[in-house]
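When you line the first sequence up against this note's numbering, it's residues 3 to 312, in that order.
The block underneath contains the structure these notes are about, expressed in structure tokens.
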Amino acid sequence: MTASTAEHTGHALLRAAVTSWFDDAARDLPWRAPDRTPWGVLVSEVMLQQTPVVRVEPAWRAWMGRWPRPADLAAAETADVLRAWDRLGYPRRALRLQECARTIVERHDGVVPRAEDDLLALPGIGEYTAAAVRAFAYGRRAVVVDTNVRRVLARAVGGTALPAPSYTAAERALATALAPADDDAAAVWAAASMELGALICTARSPRCDACPVAELCAWRAAGSPPDEHAGRRRTQAWHGTDRQCRGRVMAALRQADGPVDRAVLVEAWVGPAPADRTARRAQLDRAVAGLIEDGLAEQTADGSLTLPAT
DNA sequence: AATTCGGGGTG
DNA sequence: CACCCAGAATT
């Protein structure tokens, strides 16, 4: 047997085992329901960009109840959109999602496009999300690679504990080679490989005893060696950062019915602490300037800050 | 290729 | 406290 034939056989076994496992292990998520819409799938994918499933699910239900079609979100007040986004994080995603809805209405007659190029041209839609919408909303063959799939392939095929910090061309090539040629099979494989990473082949404590591909896994075969990049992954600070400051300001703007006076923001962020008062003031000014620059906030005539109306 | 961008749950 | 979570856009 040649090397490529062995590889081909290994890939087929991997796909068969994972998709078979997925048949009864798949979670019952609302954006996977039979009555799902392409718009609902797109909304779920944008919300799921760096936000865990458990926090997205209730937000998605409320969101879809309120704005069931692209035209509904397109017509909404941006301030309401940002309030509904609540604490899902990265509020620029909410802004882009509304821009996305407006683009779909203007350029695609209110229908989520199927073509990869059209999807990639939408605000907030990148390589992963475009592929996910094609596979999950339209049942087309697409190479869907998220953090779960990267980890599954790194272990099962690559033999490493975790993938490299950034997505590489080699990973894309491997994922492309693994994707079934058939549309339906490829869409199922996409969902199944993601699900395996989410439920079994997890980052922290993988449940290898319950894994359908444990016997095929290169990482296990190698004795489950530790992560090569351990300690090299830079953990982002949070407490007292500009990022936390932005979040604090956004929270204040969401909670208020109208414009918020600067003094209120200063009180919320700087407080009475005399020590680094000057630095905190400068930090708040940077955060506010950044939010305005991003279109997440607007300044009123008297210098107060407010969520953008439209 | 490296940075920036939220927020919260978990070991 | 470090790490992780269905990434995208920008530099």
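Just so it is clear, CB atoms sit at the ideal spot from N, CA and C, and this is done for glycine as well.
Return the CA-CA distance between residue i and residue j, expressed in angstroms with no decimal places.
| i | j | result |
| --- | --- | --- |
| Gly292 | Arg264 | 15 angstroms |
| Thr178 | Thr39 | 26 angstroms |
| Ser195 | Leu307 | 45 angstroms |
| Tyr140 | Arg250 | 39 angstroms |
| Arg34 | Glu269 | 45 angstroms |
| Leu218 | Asp74 | 47 angstroms |
| Glu129 | Leu50 | 14 angstroms |
| Pro93 | Leu121 | 21 angstroms |
| Cys213 | Pro167 | 24 angstroms |
| Asp37 | Val145 | 24 angstroms |
| Val43 | Thr149 | 18 angstroms |
| Val58 | Arg68 | 15 angstroms |
| Glu295 | Leu15 | 51 angstroms |
| Ala200 | Asp82 | 32 angstroms |
| Glu47 | Ala224 | 34 angstroms |
| Trp41 | Asp229 | 38 angstroms |
| Gln301 | Arg248 | 15 angstroms |
| Gly91 | Gln238 | 15 angstroms |
| Thr204 | Asp304 | 51 angstroms |
| Pro227 | Ala163 | 6 angstroms |
| Ala193 | Ala172 | 21 angstroms |
| Thr53 | Ile202 | 19 angstroms |
Is residue i helix, strand or coil by DSSP?
| i | result |
| --- | --- |
| Glu300 | strand |
| Leu2 | Residue 2 lies beyond the range of the chain shown here (3 to 312); nothing can be said about it. |
| Val266 | helix |
| Thr308 | strand |
| Gly249 | helix |
| Arg152 | helix |
| Val159 | coil |
| Ile294 | helix |
| Arg142 | coil |
| Gln285 | helix |
| Arg57 | helix |
| Asp259 | coil |
| Asp278 | coil |
| Tyr169 | coil |
| Cys102 | helix |
| Leu50 | coil |
| Ser207 | coil |
| His231 | coil |
| Ser195 | helix |
| Gly128 | coil |
| Ala111 | In the sequence on display, residue 111 carries Asp and not Ala. Reduced to three states, the DSSP call for Asp111 is coil. |
| Val45 | helix |
| Pro214 | coil |
| Pro40 | helix |
| Ser22 | helix |
Determine the contact status of residue i and residue j, defining contact as a CB-CB distance below 9 angstroms.
| i | j | result |
| --- | --- | --- |
| Glu101 | Ala311 | no |
| Ala253 | Arg89 | yes |
| Gly126 | Arg98 | yes |
| Ala158 | Ala220 | yes |
| Leu309 | Arg222 | no |
| Pro182 | Arg17 | yes |
| Ala86 | Ala77 | no |
| Arg142 | Asp185 | yes |
| Thr21 | Ala187 | yes |
| Gly161 | Leu176 | no |
| Val147 | Tyr169 | yes |
| Arg279 | Val290 | no |
| Leu267 | Leu84 | no |
| Trp62 | Leu198 | no |
| Pro72 | Ile106 | yes |
How about residue i: is its Cβ closer than 8 angstroms to a heavy atom in the ligand NAP?
| i | result |
| --- | --- |
| Trp41 | The model on display carries no ligand, and the ligand NAP is accordingly not part of it. |
>> Does the stretch 237 to 247 come into contact with the stretch 281 to 291, if we say contact requires no fewer than three beta-carbon pairs (one atom in each stretch) closer than 8 angstroms?
In response: yes
> Given 8 angstroms as the limit, is there contact between the stretch 12 to 30 and the stretch 111 to 122, that is, 3 or more CB pairs closer than that?
Replying inline: no
> Would you call the stretch 152 to 161 and the stretch 190 to 209 in contact, with 3 or more CB pairs under 8 angstroms?
Replying inline: yes
>> As an exercise, report each continuous alpha helix (DSSP H) stretch of at least 4 residues that is fully enclosed by the stretch 65 to 99, in chain order.
In response: 72 to 76 and 80 to 87
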